[in-house]
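Below is one structure; the comments refer to it alone.
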Amino acid sequence: MIIEKELTEEIKHEFQKGIKEECKIGIELERLLIDAQTYEAVPYLGEYGVSQILKEFSRADGWDYITDYGTIIGLKNEEDTITLEPGCQFELSIAPEDSISAMKDKIDNINKRLTPIFKKYNVIPLEYGISPKTTYRNVKLLPKQRYYLMANYLWGILSDVMMRETAGIQICIDYTSEEDAIRKFRLANLLSPFVTAICANSPIRGGVDTGYKSFRGLSWLNTDNERCPFMSKALFEGRYSFESYIKDVLKTPMIFINRETPKYIKGKINFEQFIKDGFEGYCANIEDFKLQMNLYFPDVRLRNFIEIRNHDCSSKGMQYALMALYKGIMYDNNAMKSVELLLSRFSYYQIEELRYSVPKTALTTKIGRTYVSDIVKDIVNIAYTSLKNNFKGEEHFLEPIINIVSKRMTNADIILKNWYGSWNKDLSKLIEYLK
C-alpha cells in the first residue's frame, strides 16, 4: 500500500512538472521514405535501406545512435531526435522553440544536411499522409521489440495500415497551470475533427482512390477503440483534471512492460490492477507508467505538455501553418474564448460523430446544418487576428491554411481533381506534385 501511494504521487508529479511560466511550441514531423524510381516503401535492411541512411547521417553529422536491443532505431543530438515508426516512417522531433521562425530554421538546417544522403540512396522523403503505393502486407515492421508486440495486440481492422503506412504531424504545446492544461486539452479535442478536415492529405493509397480524403484519419479510427478514444464526456462538460486523465490511462489494458526484455501482457490486466496486484512477480514503477502513457493513442495526448496528433503529413508549409494555428488560439486567452464560444453550439455527440465523418468528406462535411468549411473559416480568422496582435510576423505562416479555407479545397481535393484530370491516375504525377 505504501508503494502504491508513492507511485501515485510520482505519477501526479509527471504532469505537475509540465507547468511552465513561458509557453513554447514543438513539432514531430513524420515522412514516408519511398524509392525514387519504383515509389515502393524503402525497407529497413539492405544496401540502400533506412538503417544505412541513419548510419551515414550519423557519420556525417555526429548524431548518436538510438538502439533497441542492438538495433539502430534512430539518432539524437543534444536536443532533437530522428526516430523510425513501425513501417520505417522517418520522424523528426524538434525541441520546442519560442518562435515558429526558429523552428523552421532548425528543420530547414536538418533537411539541408539530410537531402544529399537521400539523393545518394535514391530516396524521396514524402510529406503525405499514407503510403501511395506499398500497402502494409509488403511493409516489414522495423525490428523493434515494442512494434512486434503492438502489432500482435492492436485489434482494429486498420491497425496494420496505421502502423506501417501512415505519416502525420504532431504539434506540442505548453501549459502554465493544471487549469490551463485542462482547458487547452479540452479545446484541442474539440478542434480535432475540424483540423483533421483541414489537413486531409491521404486519398490515394496503393495506387488507387480510397474514397476517403484522409485514409490516414480513417485508419486511426479503426486501430483500437480502447487506446484511441474520443474525449470523455467529463472533459467535454468541464469535469476533468490531471487525476481524471491519469485514471483514463490506468484503466486502459496493458500491452507489455520492459524489464530485461519486453514482458508481454496482452490486455490481461489494466495498469490500475498492475499497481495493486503486480503481474507474475513484477511490481509497477514510474517507467512502466510512462510506457503505458506512450501506448495510449487518443487524438490529443496529455503529458508534461499537450501533444496534438490528428494531422495528415503535408508539405508546402502546412507544418508551420499548423503551429501558427495552434499558437494563435492556445496562447491567447481572448482567442481561446472566441473558439470555445464558436464551438459551444455543438453537442458532445455532434463532435464525436464529426470525428467519424471528416476522413471521408473533409471540409464538405456538415455538422448540424453547417458546413465544416464555414466553421473552419471562423477558427482561422480568430487565429490570424491573435497572431497579428500578439506574435507579429508569425501570421504569415498561416497562409497555406488560409488558402485551403478560402478555396474550400484541401490538398486531398486538389489531388483528386488532378488524379481524374490531367494526371490520368498516373502515380508518378502524384509523387511529383508532393515532392
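For the sequence shown, my numbering gives the first residue as 16, with consecutive numbering after it. Glycine is no exception: its CB is placed at the ideal position from the N, C-alpha and C atoms. Just so it is clear, the structure is predicted and the values come from calculations on it, not from any experiment.
Endpoints, the alpha helix (DSSP H) within which residue i is located
i	result
PHE133	115-135
PRO415	414-422
ALA336	333-345
THR376	363-376
LEU265	257-265
TYR162	160-168
ILE68	65-76
ASN309	301-309
GLY232	230-236
ILE284	No alpha helix (DSSP H) holds ILE284; DSSP gives it neither H nor E.
PHE251	248-251
ILE430	426-434
Distance between residue j and residue i (C-alpha atoms, nearest Å)
i	j	result
ILE17	PHE30	In this prediction, ILE17 has a pLDDT of 46, which is less than 50 and means its spatial position is unreliable; nothing more can be read from the coordinates.
LEU206	GLY296	43 Å
LEU156	ASN319	29 Å
MET269	GLY171	16 Å
GLU194	ARG254	11 Å
GLN381	VAL387	Reading the sequence as shown, one finds Lys at residue 381 and not Gln. LYS381 and VAL387: Cα-Cα distance of roughly 6 Å.
TYR346	LEU358	18 Å
ILE3	ILE132	Past the boundaries of the shown model lies residue 3; the chain is included only from 16 to 450, so the question cannot be answered.
VAL354	LYS262	28 Å
ALA182	GLU25	33 Å
ILE280	GLN307	12 Å
ILE394	LEU236	24 Å
TYR364	ILE321	23 Å
PHE257	LYS27	7 Å
ILE49	ALA398	35 Å
As assigned by DSSP and simplified to three states, the class of residue i
i	result
PRO208	helix
ASP11	Absent from the model: residue 11. The displayed extent of the chain is 16 to 450, so no value can be given.
LEU403	With the sequence shown as reference, residue 403 is identified as Lys, and Leu is not the correct amino acid for it. Note: LYS403 maps to helix in three-state DSSP.
PHE294	strand
GLN52	coil
ASP95	coil
LYS450	coil
GLU43	strand
LEU22	helix
TYR190	strand
GLY89	strand
LEU10	No answer is possible for residue 10: the residues shown for the chain start at 16 and end at 450.
GLN185	strand
SER146	coil
SER217	strand
ILE394	helix
VAL57	coil
THR379	helix
Enclosing beta strand (DSSP E) for residue i [first to last residue]
i	result
GLU322	321-327
PRO111	105-112
ASN273	271-273
VAL315	315-317
LYS278	277-279
ILE81	79-83
Proximity of residue i and residue j at Cβ, strictly below 8 Å
i	j	result
VAL264	PHE286	yes
LEU445	ILE184	no
ASP224	TRP438	no
ILE34	SER234	no
LEU107	LEU44	yes
ARG231	THR267	no
TYR260	LEU202	no
LEU378	ALA166	no
LYS342	ILE109	no
GLU142	LEU449	yes
Minimum Cβ-Cβ distance from residue i to chain B less than 8 Å
i	result
GLY102	In summary, chain B is missing from the structure at hand, where a single protein chain is found.
Counted within 10 angstroms of its Cβ, other Cβ atoms place residue i as buried (16 or more) or exposed
i	result
GLN52	exposed
ILE301	exposed
ASP428	buried
LEU69	buried
CYS298	exposed
SER421	exposed
LYS134	exposed
GLU275	exposed
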